[in-house]
Amino acid sequence: MSQKDEVFAEADLLVRPFEFNEKVAHVFDDMAERSIPHYRDVQPMVATLGLTFYQEGSWIYDLGCSTGTTIALLLEGLKEHKLNDYYIKGIDNSSAMCEAAKKKITSMDISGNPGRVIIEEADLLKTPVENASVVIMNYTLQFIDPLHREALIRRIYEGLNHNGILLISDKTLQSHTDLSRIFIDNYYNLKRTNGYSELEISQKREALENVLIPYSIKDEEWLFREAGFEAVDLFYTWYNFSSFICLKKG
């Protein structure tokens, strides 16, 4: 069970760049639910869309799987729909996150299908994507160096089967600075409502500087279309957070 997120609760003279280390992994589920708007709503939507487009015998990739929450929801859906011929691979470059994901998946009842879920510590930029019908990147692309994003999305497109989908959720920028400021203010108000102090909000904002680099919705959509995706649309938005579905048509 995730502990309460107090990573930035104490004043630090030197706020270090944010990283997904063991300290963060222990509290990540609580951090995500309190920091990401409507996290509990978006995750089931991702799982539902993933199951809708899943092709039996193909792979589901969760790139940046963190503690395995999305994979757990997918497994519940696969079991409910009596889909047994599935293969899921969760990739994360944090060993602590991978260990947390393994524990979460191990605690589930997936009897009769051993070995069909793989959690692997690896560099997303070097991870091959093959025979995939669903690729998921929940709040992951925003942490990838912008210089490498186009090549990564193109490689995902090439590894998807026809009629496969890429599902991406990210923090996004607004086209006008006035709107951006209003959206960010509303976001910080949400964090306050969810129990974060001004110190926690300020220190995490500083820690994420130059680590989380958001794109505008327009720039992300361009990135997906440039990679080859024929259909790109939003399936969820909340101020400065956006979720995209990208379809590779057959």
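Take 7 as the starting number for the sequence shown in the working numbering and just add one per residue. All residues carry an ideal CB built from backbone N, CA and C; glycine is no exception. All values derive from a computational prediction rather than experimental measurement.
(request) Measure the alpha-carbon distance for W228 versus N246 and round it to whole angstroms. (result) If you draw a straight line from the Cα of W228 to the Cα of N246, it is about 18 Å long.
(message) Here's the rule: buried if 16 or more other CB atoms are within 10 angstroms of the residue's CB, otherwise exposed. What is R155?
(response) Counting Cβ neighbours within 10 Å, R155 comes out buried, since at least 16 surround it.
(request) Please list, in chain order, all residues of the same chain as N26 whose beta carbon is under 6 Å from its beta carbon, the five residues on each side excluded. (result) The question names Asn, but residue 26 in the sequence shown is Phe. Taking F26 as the centre and dropping the five residues before and after it, the same chain places the C-beta of S100 and M103 closer than 6 Å to its C-beta, in chain order.
(message) What does the alpha-carbon distance come out to for the pair P134 and M114?
(response) Going by C-alpha positions, P134 is about 27 Å away from M114.
(request) Give the straight-line distance between the Cα atoms of F189 and K177, rounded to the nearest whole angstrom. (result) One Cα belongs to F189, the other to K177, and the distance between them is close to 11 Å.
(request) May I ask you to verify whether the region 163-179 touches the region 47-58, counting CB pairs closer than 8 Å and requiring at least 3? (result) Because the criterion of three Cβ pairs below 8 Å is met, the region 163-179 and the region 47-58 touch.
(request) Could you check the C-alpha separation between K109 and I142 for me, to the nearest Å? (result) Inter-residue distance for K109 and I142 is about 20 Å (C-alpha atoms, whole angstroms).
(request) Measure the alpha-carbon distance for S249 versus D184 and round it to whole angstroms. (result) Cα to Cα, S249 sits roughly 22 Å from D184.
(request) Tell whether a beta-carbon distance below 8 Å holds between K254 and F235. (result) Result yes, Cβ atoms of K254 and F235 sit closer than 8 Å.
(request) List the endpoints of the continuous beta strand (DSSP E) containing C252. (result) F247 to K254 is the extent of the beta strand (DSSP E) around C252.
(request) Closer than 6 Å by C-beta to V123: which residues in its own chain qualify, once you throw out the five before and the five after it? Chain order, please. (result) Excluding sequence neighbours, V123 sits near I94 and I111.
(message) Tell me the rounded alpha-carbon separation between V33 and A138.
(response) Cα to Cα, V33 sits roughly 31 Å from A138.
(request) List the residues that DSSP assigns as beta-bridge partners of I142. (result) BP columns for I142 point to D68 and L173.
(request) Buried or exposed for S41, please, with buried defined as at least 16 other CB atoms from any protein chain shown within 10 angstroms of its CB. (result) S41 comes out buried.
(request) Would you tell me roughly how many angstroms separate the C-alpha atoms of T199 and Y193, rounded to the nearest one? (result) The alpha-carbon of T199 is positioned some 10 Å away from that of Y193.
(request) Find the nearest neighbour of I97 within the set H87, W65, E86 and E12, judged by alpha-carbon distance. (result) Of H87, W65, E86 and E12, the smallest CA-CA separation from I97 is found for W65.
(message) Given a cut-off of 8 Å on the beta-carbon distance, is the pair Q209 and V21 in contact?
(response) Contact flag set, yes.
(request) Could you tell me which residues DSSP pairs with W228 in its beta bridges? (result) In the DSSP output, where bridge partners are listed per residue, W228 has none listed.
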